[in-house]
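The numbering used here puts the first residue of the sequence shown at 1, with every later residue one more than the last.
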Amino acid sequence: MDHLLLGSMGVFLLAVQVIALLLVNPLSTHHIQAFEDPQSLLNPIWYMGLILAFTLLVLCIIKLDLRWVIHLIILLAVAFTLYLVFFVMLSMIAPPFSSIGSLTLTIALTLLLYKYPEWYVIDLTAILIGAGAAALFGISLAIVPALILLIALAVYDAIAVYQTKHMIMLAEGMLELRVPILFIIPKRRGYSFLERTPKGEKDAYFMGLGDAVMPSILVVSAKAFIPNGLVNLPALGAIIGSLVGFAALMFIARERPQAGLPFLNTGAIIGFVIGYFLQI
1 MDHLLLGSMG VFLLAVQVIA LLLVNPLSTH HIQAFEDPQS LLNPIWYMGL ILAFTLLVLC
61 IIKLDLRWVI HLIILLAVAF TLYLVFFVML SMIAPPFSSI GSLTLTIALT LLLYKYPEWY
121 VIDLTAILIG AGAAALFGIS LAIVPALILL IALAVYDAIA VYQTKHMIML AEGMLELRVP
181 ILFIIPKRRG YSFLERTPKG EKDAYFMGLG DAVMPSILVV SAKAFIPNGL VNLPALGAII
241 GSLVGFAALM FIARERPQAG LPFLNTGAII GFVIGYFLQI
């Protein structure tokens, strides 16, 4: 039963990837991207620098007990990403209402998240912003920079979880803020994230949002820079590979925290390579 619940996390990973793929063309049409030159090998360095700087900032804020600051920053980032996702979605299905519609939906969901951050609200929001982030960075990183980034992030995640353990401290601090930087699967009916106690962590499974976003970047990059229909073989291979990596992670997952990216990114890269050579 536990492994079945853990496996359901894979649905979140797949949802992020599918929605991210659907956002590729509208984002490209609107010329929205994070880096000016997707081919630049400096892009992964900038990305890693931003992650390290943000991690340091959050850890300092947690130490100073100024969690409201990081809560505000994250809510603003969530609102920005939600607006981006809703805007490009509505631009495909209802162009005249894309601006006002996306603004209305963004305000409504952000307020709901702030006032009532129950686990299913967090999961829904995390899927949307995860897809938006994966799509944005995926179309901004060509294949080689994306591969470099995934390898670097896998190494960093392993070090941060198993050696320095600062990622565990970061995750524990973020849990108290009840923000959509993770996915939550309850172990029992009637579970409420709002009523979570220190022992309540045992009543649910958690997976970091980054574990879904990072391998999805390669999926999107393959779609954007090796165009071939809705999903080409390298992109499909990266999806399958990330799901296989996720299955391996869930197989060894126990009570203690596990570094997800070494499994997920490795699976995505291997799947991408297999798909790439099959397509040649």
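Note that the Cβ used here is the ideal one computed from N, Cα and C, for glycine as well.
For the beta strand (DSSP E) holding I73, just list the boundary residues, first then last. Position 73 of the sequence shown holds residue 73. Careful: I73 lies outside any beta strand (DSSP E), inside the alpha helix (DSSP H) at R67 to I93.
Which residues in the same chain have their Cβ closer than 6 Å to the Cβ of V213, if we skip the five residues on either side of it in sequence? Stepping through the sequence shown from its first residue, residue 213 is reached at position 213. Taken in chain order, the residues that qualify are G130, A133 and A134.
Coarse secondary structure for F206, derived from DSSP in three states: Working through the sequence shown from its first residue, we reach residue 206 at position 206. Residue state, collapsed to three classes: strand.
Touching or not, the segment 106–114 and the segment 53–64, by the rule of three or more beta carbon pairs under 8 Å? no
Quick one: what's I185 bridged to in DSSP? For this step, residue 185 is matched to residue 185 along the sequence shown. For I185, which the question treats as bridged, DSSP gives the partners Y205.
Rounded to whole angstroms, what's the CA-CA distance from Q279 to L182? Just pull it up for me. The residue labelled residue 279 in the question sits at position 279 within the sequence shown. The residue labelled residue 182 in the question sits at position 182 within the sequence shown. Taking the straight line joining both Cα atoms gives about 34 Å.
Between the segment 112–126 and the segment 84–98, do at least 3 Cβ pairs fall closer than 8 Å? no
Out of curiosity, what's the CA-to-CA distance linking F54 and D211? As a working note, residue 54 is residue 54 in the sequence shown. As a working note, residue 211 is residue 211 in the sequence shown. If you take the alpha carbons of F54 and D211, they lie about 17 Å apart.
Quick check: the segment 40–58 against the segment 258–272, are there 3 or more CB pairs under 8 Å? The segment 40–58 makes no contact with the segment 258–272: fewer than 3 CB pairs, one atom from each, lie closer than 8 Å.
Would you check if there are 3 or more beta carbon pairs closer than 8 Å linking the segment 154–166 to the segment 231–251? No contact exists between the segment 154–166 and the segment 231–251.
Among L6, D37 and N43, the one whose alpha carbon lies nearest that of A152: Residue mapping note: residue 152 aligns to position 152 of the sequence shown, counting from 1. Ranking L6, D37 and N43 by Cα distance to A152 puts N43 first.
Report yes if the CB atom of L149 is closer than 8 Å to the CB atom of I239, and no otherwise. Mapped onto the sequence shown, residue 149 falls at position 149. Mapped onto the sequence shown, residue 239 falls at position 239. No.
For H30, tell me which candidate among M250, I74, V88 and V18 has the shortest Cα-Cα distance. Taking the first residue of the sequence shown as 1, we reach residue 30 at position 30. Considering only alpha carbons, the answer is V88.
Identity of the residue in S8, L82 and V58 nearest A20 by Cα: On the sequence shown, position 20 is the one that residue 20 refers to. Comparing C-alpha distances from A20 to each of S8, L82 and V58 shows the shortest one belongs to L82.
Does the beta-carbon distance from D157 to A259 come in below 8 Å? Residue mapping note: residue 157 aligns to position 157 of the sequence shown, counting from 1. Residue mapping note: residue 259 aligns to position 259 of the sequence shown, counting from 1. D157 is a Cβ neighbour of A259, given a cutoff of 8 Å.
Quick one: residues in its chain with C-beta nearer than 8 Å to the C-beta of L14, no 5 flanking neighbours on either side, listed in chain order? Residue numbering aside, residue 14 sits at position 14 when the sequence shown is read from its first letter. Scanning its chain for C-beta atoms nearer than 8 Å, with the 5 sequence neighbours on each side dropped, one finds around L14 the residues I239 and L243, in chain order.
Could you name each continuous alpha helix (DSSP H) segment of 4 residues or more that falls completely within the segment 122–169, going from the start of the chain to the end? 143–158
For L42, which three-state DSSP category applies? As a working mapping, residue 42 is identified with position 42 in the sequence shown. DSSP, read as helix, strand or coil, puts L42 in coil.
Do L177 and H71 come within 8 Å of each other at the CB atom, strictly closer than that value? Position 71 of the sequence shown, counted from the first residue, corresponds to residue 71. Position 177 of the sequence shown, counted from the first residue, corresponds to residue 177. In this structure, L177 lies closer than 8 Å to H71 by Cβ.
So what does DSSP say about L105, is it helix, strand or coil? As a first step, residue 105 must be located in the sequence shown, where it is residue number 105. Three-state DSSP puts L105 in a helix.
Cα separation between I185 and V18? Reading the sequence shown from its first residue, position 185 is the one you call residue 185. Reading the sequence shown from its first residue, position 18 is the one you call residue 18. Spanning the alpha carbons of I185 and V18 requires a straight line of approximately 20 Å.
Near S221, which residues of its chain fall below 7 Å by C-beta distance, leaving aside the five closest residues on each side in sequence? For the purposes of this step, residue 221 is identified with residue 221 of the sequence shown, where counting begins at 1. Cβ neighbours of S221 beyond the five flanking positions: G138, L141, A142, I143 and A146.
Using the beta-carbon count (16 or more within 10 Å), is M250 buried or exposed? As a first step, residue 250 is located in the sequence shown; it is residue number 250 there, counting from the start. So M250 ends up on the buried side.
To the nearest angstrom, report how far apart Q39 and L233 are at their CA atoms. Within the sequence shown, residue 39 is the residue found at index 39, counting from 1. Within the sequence shown, residue 233 is the residue found at index 233, counting from 1. Answer to the nearest angstrom: the Cα atoms are 21 Å apart.
Would you report the Cα separation of V35 and R189, rounded to the nearest angstrom? Residue 35 sits at position 35 when you count from the first residue of the sequence shown. Residue 189 sits at position 189 when you count from the first residue of the sequence shown. The question names Val, but residue 35 in the sequence shown is Phe. Distance between the alpha carbons of F35 and R189 is about 44 Å.
Given this structure, state the Cα-to-Cα distance separating P26 from L56, to the nearest angstrom. Here the question's residue 26 lines up with position 26 in the sequence shown. Here the question's residue 56 lines up with position 56 in the sequence shown. Computed Cα separation, rounded: 34 Å.
Does DSSP put E176 in a helix, in a strand, or in coil? The residue labelled residue 176 in the question sits at position 176 within the sequence shown. Looking at E176 - three-state DSSP - the assignment turns out to be helix.
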